[in-house]
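In my numbering, the protein residues as written are -11 to 96.
Cβ atoms here follow ideal geometry from the backbone N, Cα and C, with glycine treated the same way.
Shown next, in structure tokens, is the structure this report addresses.
Here is the structure:
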């Protein structure tokens, strides 16, 4: 509907359904490098306990993003690093036997 109250019907050509992911996954954060906030995308194919934690370059845990039982699906989690110093950090996702680590760069 436009501002004049006119509307037009259209035919739906294709419908794409997004179901549960086929496998566990952790993507590179974006933006990277980042200033204060960045987004981390991840996915789980079935309900499971998920842990995503942030570590400094020395391997010390500095922040916990996720540490709970999660339903299957695709997720985007915002990491707010405004209270951390500039530098290289790592984030790790663990769920069952799956473990993946990615690097992120905080620049203030």
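So what's residue 66 in DSSP terms, helix, strand or just coil? strand
Using the Cα positions of residue 78 and residue 56, report the straight-line distance between them to the nearest angstrom. 20 Å
Which of helix, strand or coil DSSP assigns to residue 31: strand
Bridge partners of residue 80, per DSSP? 41 and 89
Going by beta carbon distance, what residues of the same chain come within less than 8 Å of residue 9, once the five residues before and after it are set aside? 31, 32, 33, 60, 61 and 62
Whole-angstrom Cβ separation of residue 14 and residue 91, contact assumed at under 8 Å? With a contact defined as Cβ atoms closer than 8 Å, residue 14 and residue 91 miss out at about 12 Å.
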